[in-house]
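When you line the sequence shown up against our numbering, it's residues 67 to 231, in that order.
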Amino acid sequence: MAAPTAARALRAVPRIRPVPEAPRHLHTTPACLKTRAARVRVGKGDKPVTYEQAHPPHYIAHRKGWLSLHTGNLAEEPGAAERAVEDAFLRRFFYGTFPGVLADEVVLKRRANLLVVCLVLARGLPPAKLYFLVGYAETLLSHFYKCPVRLELQTVPAKVVYKYL
67 MAAPTAARAL
77 RAVPRIRPVP
87 EAPRHLHTTP
97 ACLKTRAARV
107 RVGKGDKPVT
117 YEQAHPPHYI
127 AHRKGWLSLH
137 TGNLAEEPGA
147 AERAVEDAFL
157 RRFFYGTFPG
167 VLADEVVLKR
177 RANLLVVCLV
187 LARGLPPAKL
197 YFLVGYAETL
207 LSHFYKCPVR
217 LELQTVPAKV
227 VYKYL
């Protein structure tokens, strides 16, 4: 009985037919070097841009620095994804806490258990309100992250313009 079932199984397997030889061609296309992410488009020369915006992303660590300094991206370090989410939350928190006053990007530095946030603010708020917001942000974030948070502020008369594009 084993012989008829084996014969049926061999008949059920499709037969492999050789593919007729066809010429193989190499298809090439020109390189499409149109990276537009995180770049400011050049206009008529009336658009003010900061130093961070003026340089494209491939100049990070050459002409401009990292906006988030921590050791999470080293080899085999756990928690890199959590730090990226925390960085996004902190940036949104500071854009909401200091509305329209941030003159440049938020720089986050993690040193051991300490979180240092560097801000450049335009002088658009009265000093009493600014001191209140600084204390509010430090206290709230310290309780939220369960680590000391320190804000390093610098105020400028207006937004710093590096050049016009």
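We treat Cβ as the ideally placed atom computed from N, Cα and C, and that holds for glycine.
Since we're looking at a predicted model, the values are computed, not measured.
| Query | Result |
| --- | --- |
| Rounded to whole angstroms, what is the Cα-Cα separation between Pro123 and Tyr117? | 12 Å |
| List, from N- to C-terminal side, the beta strand (DSSP E) runs of 3 residues or more that fit wholly inside the segment 164–222. | 173–177, 180–188, 215–222 |
| Tell me which same chain residues have a C-beta within less than 8 Å of the C-beta of Pro214, skipping the five on either side of it? | Asn179, Leu180, Leu181, Ser208 |
| Looking at the unbroken alpha helix (DSSP H) that takes in Glu118, where does it start and where does it end? | 117–120 |
| Among Val227, Phe210, Leu133, His128, whose alpha-carbon lies nearest the alpha-carbon of Leu185? | Leu133 |
| Could you check what DSSP says for Tyr161 in three-state terms: helix, strand or coil? | helix |
| Which residues share a DSSP beta bridge with Pro89? | Answer is none; Pro89 lacks a bridge partner. |
| Quick check: the Cα distance between Lys212 and Arg149, rounded to an integer number of angstroms? | 14 Å |
| Quick check on Glu143: buried or exposed, where buried means 16 or more other Cβ atoms within 10 Å of its Cβ? | exposed |
| Alpha carbon to alpha carbon, how far is Pro223 from Leu168? | 12 Å |
| In terms of DSSP beta bridges, what is Lys130 paired with? | Ile126 |
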